[in-house]
């Protein structure tokens with residue numbers, strides 16, 4: 001009585017598994033877009049951080065300090081030539097030595113940070129080239145993805161029409177129970193289990209011989225006493 005309907009359910013479940021594969025391909029296609037968009041966003045944020053890092057190097061501030069120290073050095077050098085005593089001369093020479101050391105340290109710091117600034121500028125330029133070039137790539141990928149997704153969706157839609165026709169061919173009682181269980185188990189798992197060697201292949205619950213015989217002969221509709229899935233007998237399988 002129910003064997004033919006069980007066979008329809010087997011085909012329905014197979015078609016739905018195939019649909020899931022198509023949906024995974026659609027997800028993979030869309031991920032191509034999101035991955036590139038995320039990379040572009042990340043690169044834009046990286047450039048913002050790089051510009052802030054360059055600003056914090058304070059190159060102009062160090063340069064102004066060096067110029068101030070140089071002016072002081074020039075002034076001390078001029079004062080040294082006018083020193084009236086040996087004590088004054090030694091004092092000016094000491095100050096000159098200190099200022100020269102400060103200039104030397106600041107110049108070393110300046111060139112070190114200048115080198116870092118050049119590295120940052122190169123990285124910013126490289127990022128900007130990627131952002132500009134990837135925009136064209138992104139548009140191309142979007143077009144390609146749209147075509148691929150449309151193809152996959154068309155396959156799914158056609159398959160769904162077959163699924164709907166098969167559901168309508170099922171015995172009303174079986175159809176009603178199947179649709180009810182589908183809502184209960186979706187989307188984490190399937191609503192059916194196969195009865196193999198008296199066991200539900202979904203939860204491995206052992207059933208009694210009377211249930212198995214009735215199901216194998218297509219005389220009844222049974223659910224697993226443990227997991228509640230609709231049981232399909234092996235006799236309904238088409239090998």
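Numbering (my numbering), first residue to last: 1 to 239. We put the beta carbon where it would ideally sit given N, CA and C, even for glycine.
If you follow the beta strand (DSSP E) that residue i is part of, which residue opens it and which one closes it?
i: residue 232; result: 230 to 233
With a threshold of 16 other CB atoms inside 10 Å of the CB of residue i, please say whether the residue is buried or exposed.
i: residue 17; result: exposed
i: residue 5; result: buried
i: residue 200; result: buried
i: residue 222; result: buried
i: residue 203; result: exposed
i: residue 178; result: buried
i: residue 237; result: exposed
i: residue 187; result: exposed
i: residue 239; result: Confidence at residue 239 is low in this model, with a pLDDT of 46, below 50, so its placement is unreliable and the value that follows should be read with caution. Exposed: under 16 other Cβ atoms inside 10 Å.
i: residue 230; result: buried
i: residue 9; result: buried
i: residue 125; result: exposed
i: residue 133; result: exposed
i: residue 52; result: exposed
i: residue 88; result: exposed
i: residue 7; result: buried
i: residue 212; result: buried
i: residue 233; result: buried
i: residue 174; result: buried
Give me the DSSP bridge partner(s) of residue i.
i: residue 145; result: Paired residue(s): none; residue 145 is not in a bridge.
i: residue 200; result: 195
i: residue 223; result: 230
Ends of the alpha helix (DSSP H) at residue i?
i: residue 10; result: 3 to 55
i: residue 195; result: Not the alpha helix (DSSP H): residue 195 falls in the beta strand (DSSP E), residues 192 to 196.
i: residue 206; result: Segment: none, residue 206 is in no alpha helix (DSSP H) and carries neither H nor E.
i: residue 184; result: 172 to 185
Is the CB-CB distance between residue i and residue j below 8 Å?
i: residue 106; j: residue 66; result: yes
i: residue 47; j: residue 127; result: yes
i: residue 32; j: residue 155; result: no
i: residue 190; j: residue 15; result: no
i: residue 215; j: residue 195; result: yes
i: residue 92; j: residue 73; result: no
i: residue 166; j: residue 37; result: no
i: residue 110; j: residue 50; result: no
i: residue 193; j: residue 227; result: yes
i: residue 100; j: residue 62; result: no
i: residue 79; j: residue 103; result: no
Taking 7 Å as the cut-off, does the CB of residue i come closer than this to any heavy atom belonging to the ligand GDP?
i: residue 145; result: For the ligand GDP, the structure offers nothing, since it holds no ligand at all.
Comparing the C-beta of residue i with each C-beta of chain B, is any distance below 8 Å?
i: residue 16; result: The chain labelled as chain B is not found in the depicted structure, where only one protein chain is given.
message: My parser needs the alpha helix (DSSP H) runs of 4 or more residues fully inside the segment 51 to 87; what are they?
response: 59 to 80
- prompt: In chain order, which alpha helix (DSSP H) runs of at least 4 residues are fully inside the segment 92 to 145?
  reply: Fully enclosed alpha helix (DSSP H) runs of 4 or longer: not present.
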